[in-house]
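A.B. asks:
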Amino acid sequence: MFSLRPKRSEVSWVVVLPADLALAQVGVPAGVALVLALLAPHGANVLLRRLDQPAPVALPAPWWNLLARAVATALLVVLVTGLAASGGPR
7 MFSLRPKRSE VSWVVVLPAD LALAQVGVPA GVALVLALLA PHGANVLLRR
57 LDQPAPVALP APWWNLLARA VATALLVVLV TGLAASGGPR
């Protein structure tokens, strides 16, 4: 169903992209950047925490889940290496 109300992901993109562009213009010493990078996950956890909602219950995976992932990974590796041989440098 179509809704004029923006989704959370759309709002986050509208907020994050200008913030990234603005922060890319700021010069920060390496030590300060390291501290900020180490504190960023904690800040995200505080901002994104849903205090009023319990954690969702994890559903059990079907028996074929691991097999399907292994096959998909193998096909991806074969496809990428096959295309690399035909489209790589000559």
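Numbers given in the working numbering equal positions in the sequence shown, counted from 1, plus 6.
Backbone N, C-alpha and C fix where the C-beta goes; we use that ideal spot for every residue, glycine too.
1) Counting along the chain, where does the alpha helix (DSSP H) carrying GLN47 start and finish?
2) DSSP three-state call for LEU27: helix, strand or coil?
3) Could you check the C-alpha separation between ALA61 and ARG55 for me, to the nearest Å?
C.D. replies: Considering the structure as presented:
1) Looking at the sequence shown, residue 47 is not Gln but Pro. Residue range 36-54 is occupied by the alpha helix (DSSP H) that includes PRO47.
2) Three-state DSSP puts LEU27 in a helix.
3) Taking the straight line joining both Cα atoms gives about 10 Å.
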